Amino acid sequence: MRSVRFLSVAALMAFAIAGSAEERQTSARPDPRIGLKAGLKDAGQAARNLEVVATMWKPEGFFDPKLPAGEPTPPEKDPKEQEKEEAEAAKPDAKPDPRYANMLSFANSDLAFSGNHVFMGNFNGFNIYDISKPHKPKLVTSVVCPGGQGDLSIHGNILVMSVEQTRGRLDCGTQGVQATVSAERFRGVRIFDISDLKKPKQVAAVQTCRGSHTHTLVTSPADKENIYVYGSGTGTVRAGEELSICSGGDPKDNPNTALFSIDVIQIPIAAPEKARIVNRPRIFADPKTGAISGLWPGGTHGPGTQKTSVTNQCHDITVFPEIGLAAGACSGNGILLDISDPVKPVRLDHVDDKNFAYWHSATFNNDGTKVLYTDEWGGGTRPRCLATDNPAWGADAIFDIVDRKLKFGGYYKLPVAQTEQENCVAHNGSLIPVPGRDIMVQAWYQGGLSVFDFTDSAKPVEIAFFDRGPISAKELITGGYWSTYWYNGYIYGSEIARGIDVFKLTPSEFLSQNEIDAAAQVRSTVFNAQQQPRVAWPATTAVARAYLDQLTRSKSIQAERAAAVNTALERADKTRSNKDKQAAEVATQLDSLSVQLEADASAASGRDAARLRSLASTIKGRAANLR
Amino acid sequence: MTVDAAHTVRRAALAAAIAAIAAAGCKTGGTSGPPIVQPGAPGQSTRVIDAKTASDLSKIQPTAADVQFMQGMIGHHAQALEMAALLPSRTSREEMKLLAKRIEISQADEIKMMQQWLRNHGAAAPPGDAHAHHGPLMPGMLTPEEMSRLAKAKGVEFDRLFLELMIKHHDGALVMVQQLFSTPGAGQESDIYAFASDVDADQRMEIDRMGAMLAQLTSR
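For the protein sequence lines, the chains are A and B, in the order given.
Using my numbering, the first residue of the first sequence is number 44, and each one after it goes up by one.
Using my numbering, the first residue of the second sequence is number 659, and each one after it goes up by one.
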């Protein structure tokens, strides 16, 4: 989140753009997200194709004591009283509520997962929840260590946390730092030992020039001794008197400026206390001239276009170590990096976009053939999902990776308008590992969460959603989902102002129960959204059925073949082990179907061929398990 | 007493003992919920604290410098709006009109945000049309003489003067941010940190953009 970023000519554009958010509502059913009642704890809710399984309010110590937190949901109000309050709220000169003065100081931020635990970042520290029972998350420990924004990543017993604010302290104190130059100040990347979840211990704190707004954990298949962190700082450069390596300014005047770089931090796994900066690569340099400010200079792309920030920083970087690539969302550009040597990332390509204000985050698809970039127009604290807003602004842009270059596919924006009291723009999300499709769950702040399919880069389609009404009916109070991520069968949402929510997908015309089951069979022991693993699906009947459902949906499998596959899968389900009498016979049947499907695949093309092939190999794998 | 019941009693006693230990480690002494801990500096130990200490913002309350920054910036932004309002009747260049529109929208939006912040913190919020001449001039702001010189200019002469004065005006905002962060204790509160950081980033970009427009104009 950034506070007030690049407001632009929204009003100007509104007249010129056909197809506002409201007009895009083509569904016959009215969208239940429109007109939800406001409230911090008692807001109206709308959900489609998913259900809330748990909601937990922020814990003690992580909200302003002035807020009515922790109280039970207020009783239903007398309708007359309610009307009176709403009329009062509608007055333009209504007094803002001082209880909401320090919302950002306790804002929940990003999530990381390890084993049966979710770690939720907060501007005031982080909270650890036990999610062995996802419908009943249990708070394990609250850790106070302010400094914002509290982006987290986990590797084994190492937890990494981002700190950027000038109030951050080396000793995690809440008192801030009064002196303008101080050895007590901490802005950078903290490293904790979390082997004792009841008592995480700070073992290192690597100071950086612009602090760490976000960071990315990087592993290298070639280096098992160390992990790396790409620190992305977006704040002002601190004084050299405080940290000697720092100086700011225009590269023309200061070639050593801390702008136009990222921080590469090495953490020895056996000795994390020795973590240090090992490189500050100039990844925006112009390869021809060598100028370090080689990318987007800031400004518009011509009349009527968005004003895009200058590329002197990355906001966030997502790595996909198995394919040696990273996608950087770097203010004015989306970039693609080769990270075969994690210490020396090499830029492969960069793109700009006339509709993007601020390149914010990136997500690869599981094949590593696409990158979805988000645009945080308005910085996350402004209402940028109004009916009058250009639907290509503050949206996702999907790019295909062709020969290690980025090729634009299409945009996706939350397909429903939000009110002026709801901060809303594209934010953090993760893939939902449904085999055969590219599906993502994404946070849109007070726009709620949206699950969508982007298998066709040019035509993303919404599958499911959840939304609450605004926190307040009279003023914009920053809130909503910072991140919504899939982890082992459930969706977890970090709600800035409210707490944590857990969701379960439900089947619909867009997504079958088999597809949901197949996604849930992918088990992770750790998950950091910016460090994407390549998911591999087990050879189970659920996974086979997911492919079968997709082939049936796209009408690319013959009815008889589908029926035969179904019958064989049912028989496989009834066969408990290779000791069963019919095991060998079922295996033979599956194998023969697999051969037929391979043949079908050879006659098909594109996505259908790929799904037929995947179905064939899954069935073959299932057969092997029966022998 | 059955064996089961005895077992239950023992378990209850054990639970009570554990709760008592947990409470003893907690300054509030009353609650036995999950622990709230505060790590120390690297290598130092982690200690248990209470909820009141955890959410203590008493040292992070906006300082006088923070409030003055916000109040001053409203006047500063208001003058940018005043300058932008001169533009439509004095320039013929589309690029200039768009620039003015952008400044208008972004500054008006930020004024609203600053007013809300001030009111939420119980401080006086100047009106959005606060005329520059009424308060002390913040860094970079135009004097009444400069303002009237700009109002009298027309065509290319106006464009050039507008860009020059708006660059100077924006440079002043950077000075204000710099002054804020170099005032002991200021800029610590989360919202003001974020806002001041963004003003810095945004105005730098505008200055670069206007510098390029000015260079184009001069080279003609």
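For glycine and all other residues, C-beta sits at the position ideal for the given N, C-alpha and C.
Owing to the predicted nature of the structure, the values given are computational and were not obtained by experimental measurement.
Cα-Cα, which of the options is closest to residue i?
i               : options                           : result
T841 of chain B : A:V220, A:F229, A:L213 and A:A226 : A:V220
A86 of chain A  : A:N299, A:I444, A:G522 and A:T549 : A:G522
Y273 of chain A : A:S205, A:D239 and A:N299         : A:S205
S352 of chain A : B:L872, B:S877 and B:D866         : B:D866
K317 of chain A : A:P434, A:L415, A:V249 and A:D560 : A:V249
G345 of chain A : A:R323, A:F399 and A:G367         : A:F399
R760 of chain B : B:Q773, B:A852, B:M796 and B:L745 : B:L745
C428 of chain A : A:Q461, A:L415, A:I444 and A:K450 : A:Q461
K717 of chain B : B:A854, B:Q861, B:L872 and B:Q846 : B:Q846
V484 of chain A : A:T251, A:A265 and A:L457         : A:L457
I543 of chain A : A:W525, A:N531 and A:N557         : A:W525
P388 of chain A : A:V362, A:D432, A:L202 and A:V569 : A:V362
R325 of chain A : A:T417, A:T354 and A:P75          : A:T354
G422 of chain A : B:Q729, B:L715, B:E768 and B:A722 : B:E768
G698 of chain B : A:Q575, A:E227, A:A144 and A:R142 : A:E227
Q575 of chain A : A:N557, A:D236, A:G472 and A:E285 : A:G472
T262 of chain A : A:K350, A:S383, A:R142 and A:A611 : A:S383
G375 of chain A : A:Q489, A:F303 and A:L286         : A:F303
Alpha carbon to alpha carbon, how far is residue j from residue i? Give it in angstroms, no decimals.
i               : j               : result
P700 of chain B : A222 of chain A : 21 Å
E65 of chain A  : N165 of chain A : Residue confidence for E65 of chain A is low, a pLDDT of 42 falling below 50, so the modelled location carries little weight and cannot support an answer.
T217 of chain A : G190 of chain A : 9 Å
H734 of chain B : E864 of chain B : 15 Å
Y528 of chain A : Y172 of chain A : 15 Å
D849 of chain B : F169 of chain A : 19 Å
P784 of chain B : S515 of chain A : 23 Å
M805 of chain B : A155 of chain A : 54 Å
S336 of chain A : F327 of chain A : 6 Å
V565 of chain A : G292 of chain A : 47 Å
D651 of chain A : D214 of chain A : 56 Å
A370 of chain A : R425 of chain A : 26 Å
K710 of chain B : G104 of chain A : 6 Å
V246 of chain A : K331 of chain A : 42 Å
K413 of chain A : V307 of chain A : 25 Å
G82 of chain A  : W100 of chain A : 14 Å
Y401 of chain A : D856 of chain B : 12 Å
N433 of chain A : V394 of chain A : 21 Å
Y454 of chain A : R588 of chain A : 30 Å
With H, G and I counted as helix, E and B as strand and the rest as coil, what does DSSP make of residue i?
i               : result
K617 of chain A : helix
P324 of chain A : coil
Q702 of chain B : coil
D714 of chain B : coil
N165 of chain A : strand
H256 of chain A : coil
H198 of chain A : strand
L640 of chain A : helix
G649 of chain A : helix
F149 of chain A : helix
P75 of chain A  : coil
A247 of chain A : strand
A742 of chain B : helix
Please go through the same chain and pick out, in chain order, the residues whose beta-carbon is closer than 7 Å to the beta-carbon of residue i, but skip the five residues on each side of it.
i               : result
D817 of chain B : T749, R751, M754 and L875
P139 of chain A : E518
Considering only residues of the same chain and omitting the five flanking positions on each side of residue i, which have a CB-CB separation below 8 Å?
i               : result
G683 of chain B : Because G683 of chain B carries a pLDDT of 42, less than 50, the predicted location of this residue cannot be relied on, and the following value inherits that uncertainty. The residues are P693 and V706.
E94 of chain A  : F546, K547 and T549
V725 of chain B : L776, H779 and A781
N92 of chain A  : V494, I506, A507, F508, L548, T549, P550, S551, F553 and L554
M146 of chain A : D107, I520, T521, G522, I539 and A540
For residue i, which residues from the same chain have a beta carbon less than 6 Å from its beta carbon, with the 5 sequence-adjacent residues on both sides left out?
i               : result
L640 of chain A : L655, L658 and A659
I360 of chain A : T259, Y273, A369 and G371
R76 of chain A  : A89, V459 and D510
Using 8 Å for Cβ pairs, my map puts residue i next to residue j. What's the rounded Cβ distance?
i               : j               : result
S185 of chain A : P102 of chain A : 5 Å
Q192 of chain A : S238 of chain A : Not quite, the Cβ-Cβ distance comes to about 25 Å (not below 8 Å), so this is no contact.
K582 of chain A : R665 of chain A : According to the sequence provided, residue 582 of chain A is Ala. The question's Lys does not apply to it. Their Cβ separation, rounded to whole angstroms, is 5 Å, which keeps A582 of chain A and R665 of chain A in contact under 8 Å.
V695 of chain B : K242 of chain A : 6 Å
V578 of chain A : S157 of chain A : Rounded, the Cβ-Cβ distance is 17 Å, inconsistent with contact.
D439 of chain A : K450 of chain A : That belief does not hold up - the Cβ atoms of D439 of chain A and K450 of chain A are roughly 15 Å apart, past 8 Å.
Which chain C residues are close to residue i, counting only those with a beta carbon under 8 Å from its beta carbon?
i               : result
H779 of chain B : This model lacks chain C altogether; the protein chains it does include are A and B.
Using only the heavy atoms of the ligand NAD, determine whether one of them is closer than 7 Å to the beta carbon of residue i.
i               : result
T876 of chain B : Questions concerning the ligand NAD fall outside what the structure shown contains, since it holds no ligand whatsoever.
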